[in-house]
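In this note's numbering, the protein residues as written are 12 to 502. Glycine included, C-beta positions come from ideal geometry on N, C-alpha and C. Shown next, in C-alpha cells, is the structure this report addresses.
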RNA sequence: CGGGGUGUGGCGCAGCCCGGUUAGCGCGUCUGCUUUGGGAGCAGAAGGCCGCAGGUUCGAAUCCUGCCACCCCGACCA
C-alpha cells in the first residue's frame, strides 16, 4: 500500500492521524494548531449540520449570526466566564499593517492601535447577551431561541486534528426564558436531542450526565453532557448543554417585566457541538484499513466500480453499472459511479476503503454475463455476489444493517470497557489494564476529585442522569455517596 | 514557559562525526508501451539558493557563531 496506516495496536495517536490524513478529511495548515478541512471532511460536517439544523428548527429554534469580534470589556463582565476563557483568547489590537522600518516585512502600524481591543470569540455568550438586553423588555418577548453556526478560536497549547484545534467550527445555541423551569427544560431537551443525533446518526452510544463543579462551563449553573468512549479506552465529551441560570442576565443587566408586573432577570441556556464530533466518529468506528463511516452521514453511501479489460467490455459494463446507479439514486441513496479512467479497480477499492464508503459494488464482464453484482461492506470487509435484479433492496437493507451494527459494536465495546469498582486499588488497576469508564462512588468533594486526577489522570466524566444505583461510600475517603459516577481518562 | 529533537526536490529520508568532482534513495509527478476482479510492470524524463545570516578554509549540506521555524514530552483545555 502506498500510504500505510499505522495499526491501532502499535500507536493509537499515529493511527488516528493516519486515518484522518489518508481519508482526506483534513490537512495541516501553515498556522500551528489550525487545520484545513478538506472536501471529504467538510461534506461530512455538512451532513451533520443538515440533520442537526433540522432538529433545532423542529424544536422551535432560529438561526442568526453574531460577530466574530467581541469587545474585550464584554468578556470581563461575567466573573467565572472571564476566568475560564481569558487564558485562551486571541486579541486584535491593531487595524492595519505597514512596511517595517528595515523594509523586509510587515508590522502593525502603531497609529492604528484600537481604542478597545477586540477578542476573537471563544464562545458568544457575552456578545449575544448584550443584544438580548436590548431585545427583551416584557415576558411577551420570551422565549428567544437562537442558534448560530460559526467558527470560534481558543488558543490551545496542544492540538490534534478535529479533537482540539485553535479554530474550530460548531453550532452554539443561546436561549432566553422567563422561568427557571423553562430554561432547565430547554437544557435537557437539547441534551436529549444531542444524544439522539449522536446515537442515531453517528452510531456512537453516549452517556448522558451532569458535570462536576470543576468540569463545568465557565459561567454555568449546571453543565450537562454526553460522553462517548473511544477505541483506546479514553472518554470524549461529545456535546454540552448548559443551564446558565441568571448569571449572564445579571452580568448584562438583562431583565423583563413578568405577568405580575415585576422586574426579573432572564433565565438562560447555551449549548454546542463542534467539528470535534468528526474526531469522535473516526475514533469510534474506524479500523486499521482506514475510515469507517456510518451510512446515515456518509457523503457517498455506495460506490460503483466498473471492471473491464477490452474496449468492447467497457460499454457493456458501464451500461450495466449506470443502470444500477440510476436505480439506487432513484431510491434516494447517495451513489457514485467511479468511472475514472487511469485508476485501476484495485486502486479504487483501496481508495474508497480508506475513505470509509460504506458499500462498494463492483461490476465486471462476468457479472454482466451472470446478471450479478459484487457487494462489499466496509464495516466487516466481507463480499458477496448478489443478483442485479434485487440489488437496490439489498443495498438499502445492507446500509441499514451497517448503521445498526456500527452502533451495536460500539455499544458492546463500551459495556466491555465499563467497570464497576469499590476500592481505589481496583480503580487504578482497571485504568491501567483496560481503561474505559470506571463507575465508582465519590464523596462529592472537589478535593477527592482533584486527588484522583493527580494520581491517576482520570477525571469524573459525569454524574449519570440515569440513576438506579445504590448508595455507598467513597472508595478513598469512606464518606457517603448517593450514586456511582463515571470516571475515565479523557481527551 | 521548562526538557529533548529536527530543518536537504511535492512528501518521507540518507549523506554531516572524518570538508573535496555532477548532493543520493524511496514515494509521488510527467512520457511511452504492456496492463486492469484488492493501491501494476518495464523503459525514459522533469524537479534542489542543503532553514536564514555571518565566519573558518584553496574549497562548506558537512566545521564554528548567531538567528528563525517546526516537531515531540510536560503545565492549560470543547
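Check, Outcome
"Nearest-angstrom beta carbon gap, residue 407 and residue 374 [assumed within contact, 8 Å]", "Not a contact, Cβ separation roughly 18 Å."
"Among 461, 346, 391 and 474, the one whose alpha carbon lies nearest that of residue 416", "391"
"Exposure of residue 43, with buried meaning 16 or more beta-carbon neighbours within 10 Å", "exposed"
"Boundaries of the alpha helix (DSSP H) in which residue 376 is found, first to last residue", "376-381"
"Neighbourhood of residue 234 by C-beta distance below 6 Å, restricted to the same chain and skipping five residues each side", "222, 227, 228, 251 and 253"
"Alpha-carbon spacing of residue 425 relative to residue 218, whole angstroms", "10 Å"
"Closest by C-alpha distance to residue 159, when choosing among 315, 75, 328 and 266", "75"
"Distance, residue 204 Cα to residue 316 Cα", "37 Å"
"For residue 267, the nearest candidate out of 285, 149 and 339 (CA to CA)", "149"
"Cα-Cα separation between residue 305 and residue 126, rounded to whole angstroms", "50 Å"
"Identity of the residues DSSP links to residue 293 by a beta bridge", "Answer is none; residue 293 lacks a bridge partner."
"Pair within 7 Å by beta-carbon distance, residue 448 and residue 429", "yes"
"Proximity winner among 46, 24 and 258, relative to residue 245 (alpha-carbon distances)", "24"
"Beta-carbon gap between residue 101 and residue 93 smaller than 7 Å", "no"
"Pairwise C-alpha distance: residue 347 and residue 38", "24 Å"
"Where the alpha helix (DSSP H) through residue 95 begins and ends", "90-96"
"Proximity below 7 Å, CB of residue 459 to CB of residue 487", "yes"
"Touching by the beta-carbon criterion (3+ pairs, under 8 Å), the segment 284-296 and the segment 340-359", "no"
"Start-to-end residues for the beta strand (DSSP E) that takes in residue 474", "470-475"
"Integer Cβ distance of residue 182 from residue 283, believed to fall under 8 Å", "6 Å"
"Residue 83, DSSP secondary structure in three states", "helix"
"Residue 215 versus 54, 264 and 303, residue with shortest Cα-Cα distance", "303"
"Residues of its chain near residue 17, where Cβ-Cβ distance is below 7 Å and the 5 sequence neighbours each way are ignored", "25, 26 and 29"
"In DSSP terms, what residue 51 is bridged to", "None, per the DSSP bridge assignment."
"Sheet register partners of residue 220 (DSSP bridge)", "236 and 475"
"Beta-ladder partner(s) of residue 119, from DSSP", "108"
"Nonlocal neighbours in the same chain, by C-beta distance under 7 Å from residue 6, ignoring five residues either side", "An answer regarding residue 6 cannot be provided, because it is not within the stretch 12 to 502 covered by the chain."
"For residue 256: DSSP bridge partner residues", "279"
"Cut-off 6 Å between Cβ atoms - residues of its own chain near residue 256, not counting five sequence neighbours on either side", "232"
"Reduced DSSP secondary structure (H/G/I, E/B, other) of residue 411", "helix"
"Cβ pair residue 280, residue 186 closer than 7 Å", "yes"
"Inter-stretch contact at 8 Å, needing at least 3 Cβ pairs: the segment 354-365 / the segment 321-335", "no"
"Residue range of the unbroken alpha helix (DSSP H) whose run includes residue 184", "Looking at the DSSP string, residue 184 is not in any alpha helix (DSSP H); the run it does join, the beta strand (DSSP E), is 178-188."
"Spatial distance of residue 300 from residue 427 (CA atoms)", "23 Å"
"Euclidean distance between Cα positions of residue 376 and residue 441", "55 Å"
"For residue 368, the three-state DSSP class (helix, strand or coil)", "coil"
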